[in-house]
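Okay, structure first, notes after.
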Ligand code: XMP
């Protein structure tokens, strides 16, 4: 055992020192690196938890410029479906549109429209040639849902299409001119190769910060675990065009995780593989040497975590980020700071300490887009939020995260609770990024890169922390970005 016991610090133990600034919050650039090949427009990631991130959350976060990681407490088929929903949600051009044949029934078209929240489906023949399109307008008020689609679809002779290579501007003009909502894109043989929709053009204009892949689809990641079916699961998710995998465990620096990383790296060379969680420089080094594309840091800081009190293990999050980022820089891989973000100021501190993005659970769990319903308690709205190490979540599938898959009775490392309802993801992220902009403005750094190079911290005492929060007042109105610690 080392003779000296080092001190580890938490977000609340430090403050950023203000510095001369020539930059206004509105001019701050919030772009950041998430993993080796994924760039975000804001450094925000939604947690791979079953009360935080499914497709709705992932779509909302990616539209604001971040990325969501779909949890894995669900079957392989369902996780693949959730990824598919995100990848299909918003496109430059949809390259693999949902299609049907002329002999399919109207009720099959309705089912697909519901499933993918779309309003029209191109109809193709056996050679993949487009021969029509069926839209909600064609089938509204129809009684006989057993009819063949060909009876109701817009036929080839009346179909407006565009050639491969059509620009967005040109597509917009055609959609306007013919007052249609969908424009199939075809090749020289009239084979359907894509679809441009009015909905996508509108979304593109409404969400200019959206974080997207090369084909204009929203970014999304998926959690994997140290499980028997990991490769089978990964294969299905790759088919749905998932952008990255996070091997998500409570202790990333362990041989089971290392074996999974090796397997994934050898099978999927074109997809970013991220691993977590760790809290030491040695873990970062060992995992970086395996060629991982980002490292997730945080052992026990989460708002629902009990790892530190049950197992007695962890490193206070500020120090963990600082030490891990320092090591990760040597390998040019980004660090994701996972857990413990209570306020936007903690995000600024995490970034300044070296993280390139932060993963958030609790602060997003109260939004409309998190899974689960709202409940009222003493006149106030709440949403359920639970740790993936809680008994309930482990029963639902996350026991491998805590290396307890083969245990007949669990030893939980997380709790179940509720968080105040907080409106839409858009509103919450507006406040969080507003705080990031403000913080970077105070220290005079226009980019996250500069913040990491120039930031200076000062340690504070418990008196300093008390002084930092509102004090000596009975708050009568809580602002949207401040919840007193309870
Ligand atoms: P926040 O503070 O944002 O933290 O709510 C979310 C992160 O906490 C981790 N996590 C857990 N850690 N026991 C733990 O020790 C748990 O039950 C648990 N569930 C989630 C996870 O890293 C998440 O992103």
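Residue numbers (the working numbering): 156 to 641.
Note that CB positions come from ideal geometry on N, CA and C, so glycine has one too.
Since the structure is predicted, the reported quantities are computational estimates derived from the model, not experimental observations.
1) Whose C-beta lies closer than 6 Å to the C-beta of residue 563 among residues of the same chain, with five residues either side of it excluded?
2) When the Cα of residue 322 is compared with those of 260, 247, 388 and 312, which residue comes out closest?
3) Assign residue 570 to one of three DSSP states: helix, strand, or coil.
4) For residue 429, I'd like the list of residues in its chain whose CB is within less than 8 Å of its CB, leaving aside the five on either flank, ordered along the chain.
5) Can the beta-carbon of residue 353 be found less than 7 Å from the beta-carbon of residue 347?
6) Looking at C-alpha atoms only, which residue of 170, 175, 327 and 158 is the closest neighbour of residue 617?
7) If contacts are defined as beta-carbon pairs under 8 Å, then residue 590 and residue 502 qualify, I think. What distance do you get, rounded to the angstrom?
8) I'd like to know whether the C-beta atoms of residue 345 and residue 284 end up nearer to each other than 7 Å.
9) Is residue 568 a contact residue of ligand 1, with contact defined as CB to any heavy atom under 6 Å?
10) Measure the C-alpha to C-alpha separation of residue 271 and residue 243 and round it to an integer number of angstroms.
11) Here's the rule I'm using: 16 or more other beta-carbon atoms within 10 Å means buried, otherwise exposed. How should residue 269 be labelled?
12) Can you give the Cα-Cα distance for residue 240 and residue 343, rounded to whole angstroms?
13) Does the separation of the CB atoms of residue 531 and residue 573 fall below 7 Å?
14) Go to residue 239, then tell me how far its beta strand (DSSP E) extends in each direction, as first and last residue.
15) Could you give the residue range of the beta strand (DSSP E) that holds residue 400?
16) Beta-carbon separation of residue 392 and residue 235 under 7 Å?
17) With hydrogens ignored, establish whether the beta-carbon of residue 377 is closer than 6 Å to any heavy atom of ligand 1.
18) Run through the segment 545-631 for me and flag every whole beta strand (DSSP E) of 3 or more residues, listed as ranges in chain order.
19) If distances are taken between C-alpha atoms only, which option among 469, 306 and 333 comes closest to residue 316?
20) Is the closest heavy atom of ligand 1 to the C-beta of residue 190 under 6 Å?
21) Could you spell out where the alpha helix (DSSP H) holding residue 334 opens and where it closes?
22) Tell me whether residue 275 sits in a helix, a strand or coil according to DSSP, three-state version.
23) Measure the C-alpha to C-alpha separation of residue 581 and residue 394 and round it to an integer number of angstroms.
24) Compare the C-alpha of residue 384 against each of 231, 614 and 176 and name the closest.
25) Straight-line CA distance for residue 441 to residue 484?
26) Could you please give me the residues that DSSP links to residue 513 through a beta bridge?
27) What are the partner residues of residue 341, as DSSP defines its beta bridges?
28) Looking only at its own chain, which residues have a Cβ that is under 7 Å from the Cβ of residue 583, when we skip the five neighbours before and after it?
29) By a C-beta neighbour count over all protein chains shown, 10 Å radius and 16 as the cutoff for buried, is residue 640 buried or exposed?
30) How should residue 172 be labelled, buried or exposed, when 16 other C-beta atoms within 10 angstroms of its C-beta is the threshold for buried?
31) For the beta strand (DSSP E) containing residue 540, list its first residue and its last residue.
32) Counting along the chain, where does the alpha helix (DSSP H) carrying residue 462 start and finish?
33) Mapping the DSSP letters down to three states, classify residue 447 as helix, strand or coil.
34) Let me check one thing: in DSSP terms, what residues is residue 194 bridge-paired to?
35) Would you report the Cα separation of residue 330 and residue 338, rounded to the nearest angstrom?
Looking at the atomic coordinates:
1) none
2) 247
3) coil
4) 190, 376, 399, 400, 401, 402, 447, 448, 449, 450, 451 and 491
5) no
6) 170
7) 7 Å
8) yes
9) yes
10) 8 Å
11) exposed
12) 30 Å
13) no
14) It is not in any beta strand (DSSP E) - residue 239 instead sits in the alpha helix (DSSP H) that spans 231-244.
15) 399-403
16) yes
17) no
18) 571-575 and 612-614
19) 333
20) no
21) From DSSP, residue 334 is part of no alpha helix (DSSP H); its letter is neither H nor E.
22) strand
23) 29 Å
24) 231
25) 14 Å
26) 199 and 492
27) 318 and 347
28) 518, 519, 522 and 577
29) exposed
30) exposed
31) 535-541
32) 462-465
33) coil
34) 188
35) 7 Å
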